[in-house]
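Working notes for the structure below.
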Amino acid sequence: MIRQYQPEDTDAVIAVWQRANAYAHPFLPEDFVVQGTKDMRNIYLPNAETWVLEHDGALAGFISMVGTEIGGLFLDPSLHGKGYGRAMTDHVAKSHGPLTVEVFEQNAVGRPFYDRYGFIETGRYEHEPTGEVVIKMALKTS
């Protein structure tokens, strides 16, 4: 079930983010991840439109939107490859039109997902806090 995020979901969302982030972004410096955890609670979740995925009665994933940009799509790693990421992306695509996303080049989970979904690369830049390359992508329109 996909439903709108509620403030009482915050701890569960952050727990999913921590597991999924460690899985998809093992290359990120620890201090950046620690700051990211604080920013999730204090900046990102309060300022984004977020939808959560429940699986077997527990919060298992979420997608956060800032306008038409996917600000974050995270799923408990135990549920990867089962269509839940696609379901969350489909959910927001219906109401947000053409989607964009930014993904770390080294993200061996997210990059293939967005490629399979139909996103195409539109640009690259160096993420200043980490020195990592970020790929800008947009959903290919027919």
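For the record, in the sequence shown the residue sitting at position 116 is 115 according to numbering that gives the first Met the number 0, with numbers rising by one throughout. Ideal placement from N, C-alpha and C gives every residue a C-beta, glycine not left out. Keep in mind it's a predicted model, so treat the numbers as computed, not measured.
Terminal residues of the beta strand (DSSP E) in which residue i lies
i     : result
VAL65 : 57-65
ARG2  : 1-3
is_contact[residue i, chain C] using C-beta, thresh 7 Å
i     : result
THR88 : Checking the listed chains, one finds no chain C in this structure; it contains a single protein chain.
For residue i, the residue or residues it bridges with in DSSP
i      : result
MET136 : VAL100 and GLU120
GLY70  : Per DSSP, none; premise fails for GLY70.
GLU48  : MET64
GLU53  : LEU58
Close beta carbons around residue i, own chain, < 7 Å, minus the five adjacent residues each side
i      : result
TYR116 : ARG85 and THR88
8 Å Cβ shell around residue i - same chain, five flanking residues per side excluded
i     : result
VAL15 : LEU58, ALA59, GLY60, PHE61, PHE73, LEU74 and ASP75
ALA92 : LEU98 and LEU138
ILE69 : ILE62, SER63, THR88, VAL91, LEU98, THR99 and VAL100
N-terminal and C-terminal residue of the alpha helix (DSSP H) that residue i is part of
i      : result
HIS170 : No information on residue 170 is available, as it lies outside the stretch 0 to 141 that the chain covers here.
GLY35  : 29-38
Separation of residue j from residue i, as counted between CA atoms
i      : j      : result
GLU48  : ASN41  : 14 Å
GLY82  : THR129 : 30 Å
GLN17  : TYR43  : 14 Å
THR121 : VAL133 : 11 Å
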